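What follows is a set of notes on a single structure, which appears directly below.
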Amino acid sequence: MENKQSKLSILTRGIIKENPVLVLILGTCPTLATTTGAINGLGMGVSTMVVLICSNIIISLLKNIIPDKVRIPCYIVVIATFVTIVQLMLKAFLPELDSALGLYIPLIVVNCIILGRAEMFASKNSVVDSALDGIGMGLGFTLALFFMGAARELLGAGTLFGITLTANIIEPMAVLKLAPGGFFVFGILVAIVNKLTNGKASKNAENGCMKCACSSVCGHVGGCTPTCEEELLQAIEDAKVADEINMDEEGGAL
């Protein structure tokens, strides 16, 4: 189904309005584990964004070829291919970053953000729209990880990108470099974005996904996004039209 959305809307919604980390609360494992520093957060974000953009494009190109029953394994193969390429590039040109990120680069393969966008958007939209969606969601993911990493490094160690800034001015709070500090900074950023979006994410989360007709294919957690809601309403309308046609045909046959 081709969504009638503006290119700008597709590109920008993933940055704040539908930020995959701070609004949809996806990909929290690499978010909390790799954001001990600004460079690590930026590296993980950019790596994931590259995989997301490339996989979105390929899956959109192959959407009419991939059999529906094996689409998820096919998506994973496509994603794994680009993850392998990214990991080899990091090993060749940025070995220190590759060592710091460790296992979390290969784990991009099962990142629910990438698989969710493949299932929910790329498999139903044009190549251009899918690329824009990958860029927008990737930027949102990268910015979230960068700000988390920068805040934890600056306040936890008094440095930014390894350069000493505040260590001699204020006493660094070492706890922010640890797991509890990651949860604390994550919560603060979620609260800030929630305020910027007027609490819409929390309001949607009250409804949950379990009873939603989109829940089996939705790539989101914690409430439907406007895009999903539009598709659900369209599907319901199409079903009503189909039922009316069937009733007319049955009436004519009688």
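The working numbering numbers the first residue of the sequence shown as -16 and each following residue consecutively.
For glycine and all other residues, C-beta sits at the position ideal for the given N, C-alpha and C.
Computed from a predicted structure; not experimentally measured.
At what residues does the alpha helix (DSSP H) containing S(-11) begin and finish?
-> Element bounds for S(-11): n/a, residue is neither H nor E.
Which parts of the segment -3 to 78 are runs of the alpha helix (DSSP H), unbroken and 4 residues or longer, counting only runs that do not cross its ends?
-> 11 to 17, 21 to 44, 54 to 76
Nonlocal neighbours in the same chain, by C-beta distance under 7 Å from F130, ignoring five residues either side | L172
Whole-Å CB distance - I62 paired with L98, under 8 Å assumed | 7 Å
Flag this pair as yes or no: are the beta carbons of L138 and L159 separated by less than 7 Å?
-> yes
When DSSP labels each residue in this structure, what does L143 get in the three-state scheme?
-> The answer is strand: DSSP assigns L143 an E or B state.
Complete alpha helix (DSSP H) runs within the segment 78 to 126 (minimum length 4 residues, chain order) = 78 to 84, 95 to 103
What is the rounded straight-line gap between the Cα of C37 and the Cα of I146?
-> 33 Å
Inter-stretch contact (C-beta, 8 Å, three-pair minimum) for the segment 92 to 112 and the segment 16 to 30 = no
Could you give the DSSP three-state label for M131: helix, strand or coil?
-> helix
Go ahead and pull the three-state DSSP assignment for E136.
-> helix
Are L143 and E154 close, meaning C-beta to C-beta below 7 Å?
-> No, the pair does not count as a contact, with Cβ atoms beyond the cut-off.
Proximity to D116 [Cα-Cα], best of G28, M27, V6, N39 = Taking the Cα of D116 as reference, the smallest distance to any Cα among G28, M27, V6, N39 is reached at N39.
Since I(-2) contacts G123 with CB under 8 Å, what's their CB separation in whole angstroms?
-> 5 Å
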